[in-house]
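For reference, the structure discussed in these notes is given below.
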Amino acid sequence: MDDLWLGVRLLLLLTLANFSPIVARALLRERGAAPLDGGLRCRDGRPLLGPSKTWRGLLAAVAACTLGAPVLGFPLAIGALAGAASMAGDALASFIKRRLGIASSGRAFVLDQLPESLLPLLVLQAPLQLTVTLVAGVSLVFVLLEPPAAKLAYRLGWRDKPY
Numbered sequence: 263m264d265d266l267w268l269g270v271r272l273l274l275l276l277t278l279a280n281f282s283p284i285v286a287r288a289l290l291r292e293r294g295a296a297p298l299d300g301g302l303r304c305r306d307g308r309p310l311l312g313p314s315k316t317w318r319g320l321l322a323a324v325a326a327c328t329l330g331a332p333v334l335g336f337p338l339a340i341g342a343l344a345g346a347a348s349m350a351g352d353a354l355a356s357f358i359k360r361r362l363g364i365a366s367s368g369r370a371f372v373l374d375q376l377p378e379s380l381l382p383l384l385v386l387q388a389p390l391q392l393t394v395t396l397v398a399g400v401s402l403v404f405v406l407l408e409p410p411a412a413k414l415a416y417r418l419g420w421r422d423k424p425y
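Plus 262 on top of the position in the sequence shown (first one is 1) and you've got the working numbering.
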């Protein structure tokens, strides 16, 4: 039962990281929307990450996870680490998607969810003494639940696209 509760808390922390950039965009509009990659392009002519990976989103995820961590029973530092690692995973997914020719904000099931959930869980594995089974289980649940959650956020007007 303890692992189940820990998994739920970790899933909620990942959800904070995932949705806080969307909330920040809705609240701040274009403020802070500078792209993380500064508009750089790779040798293939495609953007390094693309315009949807912004400083605003990174800061929102780190802040939300840092502030939400104590509510979920984690130290502030664990929250900050989770938020930063989640956004690093999201940026990695964007980098890979651009190399595959998938446009910014384009859809790629599993690639859109897995790095954003797995990387923070791997980073938190030692400090929280997470088992491989728990890491895999929470990542799988995140991969499966994020698409319907994104559709709900779209219907509520929080997202521009239903994915």
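By construction, the Cβ of each residue, glycine as well, lies at the ideal position given by its N, Cα and C atoms.
Quiz item: Looking only at its own chain, which residues have a Cβ that is under 7 Å from the Cβ of E317, when we skip the five neighbours before and after it?
Solution: The residue you asked about is not Glu; residue 317 is Trp in the sequence shown. Once the five neighbours on either side are set aside, the close Cβ partners of W317 are G294, A296, L298.
Quiz item: Between the Cα of G419 and the Cα atoms of I284, L329, R303, which residue gives the shortest distance?
Solution: I284
Exercise. Give the single residue among A412, V405, R361, P409 whose Cα lies nearest to the Cα of L381.
Key: V405
Practice problem: With DSSP collapsed to three states, give me the class of T277. | Solution: helix
Quiz item: Is D374 buried or exposed, if buried means 16 or more other CB atoms sit within 10 Å of its CB?
Solution: buried
Quiz item: Considering only residues of the same chain and omitting the five flanking positions on each side of S366, which have a CB-CB separation below 7 Å?
Solution: P309, G312, P313, S314
Exercise. Within its chain, find whatever has a CB closer than 7 Å to the CB of A355; leave out the 5 residues flanking it on each side and keep chain order.
Key: L373, D374, P377, E378
Quiz item: Roughly how many angstroms lie between the CA atoms of G363 and A350, to the nearest whole one?
Solution: 20 Å
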